[in-house]
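Residue numbers (the working numbering): 319 to 572.
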């Protein structure tokens, strides 16, 4: 059944690209987490005291399906230069959020045919705008499912890099859960002096000794104002573009 879900998501993206003429994405990564995993309870300490527990969100929940949709190289490379996020990066953000919403509804309908109810979760903007923390963190769920590990830039680094978008849904269907990755994918966390992501952030939001969440969000809102002709584009992504982990797990060259 796990492979079937992967095929549903992969084929949906291919068909979506074909029918809309939008070609922004590479092949997705799909993972599964056990909804009873104690790691979800820990997110109420790590992320937010109000973070959802799968069983609380959907009675009888057995699994969480989570997937990463990596951007194509040209999307990422377009966002390397300049103060503002590139128009292509901003557009990819908007279109990928729409895609994720449609994927979630599609997978939920497919699982319903097999008799399993699912809870569809929004791709973004499910966070407290004062505290700037989410009550459902896709990247932490993806970490639990074994899709990657966190970089110094706080993004999830997967086998396909960190440039892309994450989606997830809770379901009563049972899947074989992935194992949390033990090794660090981030060069800096491995002991390297990398910190390329810090050098890429010109806004003093990401530093060697920490991350200023409020400053980062201010920059994202500035990009939204810059692209006033587009729907909400509170994005930046400079720290993730043009760095060793943009497209995959970086090799340690020490």
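Just so you know, even glycine gets a beta-carbon here, dropped at the ideal spot from N, CA and C.
All values reported here derive from a predicted model rather than from experimental measurement.
Helix, strand or coil for residue i? Go by DSSP, reduced to three states.
i, result
"residue 363", "helix"
"residue 483", "strand"
"residue 335", "helix"
"residue 372", "helix"
"residue 553", "coil"
"residue 509", "coil"
"residue 465", "coil"
"residue 327", "helix"
"residue 343", "strand"
"residue 389", "strand"
"residue 320", "helix"
"residue 570", "coil"
Which residues in the same chain as residue i place their Cβ atom closer than 7 Å to its Cβ, once the five residues preceding and following it in sequence are excluded?
i, result
"residue 553", "403, 407, 408, 411, 538 and 541"
"residue 512", "505, 506 and 562"
"residue 375", "437 and 488"
"residue 428", "326"
"residue 370", "453 and 454"
"residue 359", "371"
Do residue j and residue i count as a contact pair if the criterion is CB distance below 8 Å?
i, j, result
"residue 465", "residue 393", "no"
"residue 422", "residue 485", "yes"
"residue 417", "residue 471", "no"
"residue 469", "residue 534", "no"
"residue 332", "residue 414", "no"
"residue 350", "residue 463", "yes"
"residue 467", "residue 503", "yes"
Leaving out the 5 sequence neighbours to the left and right, which residues in its chain are closer than 6 Å to residue i when beta-carbon positions are compared?
i, result
"residue 482", "386, 387, 388 and 389"
"residue 368", "453"
"residue 509", "none"
Using a Cβ-Cβ cutoff of less than 8 Å, which residues in the same chain neighbour residue i once the five nearest sequence positions on both sides are dropped?
i, result
"residue 424", "326 and 330"
"residue 478", "344, 345, 347, 386, 388, 565 and 566"
"residue 355", "462 and 495"
Taking C-alpha atoms, which residue in the options lies nearest to residue i?
i, options, result
"residue 461", "321, 420 and 365", "365"
"residue 395", "559, 570 and 545", "559"
"residue 548", "557, 405, 359 and 322", "405"
"residue 490", "474, 475, 430 and 463", "430"
"residue 353", "473, 373 and 360", "373"
"residue 568", "432, 476 and 546", "476"
"residue 361", "451, 400, 473 and 399", "451"
"residue 432", "328, 323 and 498", "323"
State whether the region 452 to 460 contacts the region 429 to 444, with contact taken as three or more CB pairs (one from each stretch) at a distance under 8 Å. Under the 8 Å Cβ criterion, the region 452 to 460 counts as touching the region 429 to 444, having at least three qualifying pairs.
Would you say the region 375 to 384 touches the region 508 to 522, given that touching needs at least three Cβ pairs under 8 Å? In short, these stretches do not touch, since the Cβ pair count stays below three.
Kindly confirm or deny that the region 488 to 501 and the region 333 to 342 touch, where touching means at least three C-beta pairs closer than 8 Å. Flag = no, the region 488 to 501 and the region 333 to 342 do not touch.
At least three beta-carbon pairs within less than 8 Å, the region 559 to 570 to the region 523 to 539: Counting C-beta pairs with one atom in each stretch, the region 559 to 570 and the region 523 to 539 have fewer than three that are closer than 8 Å, which means they do not touch.
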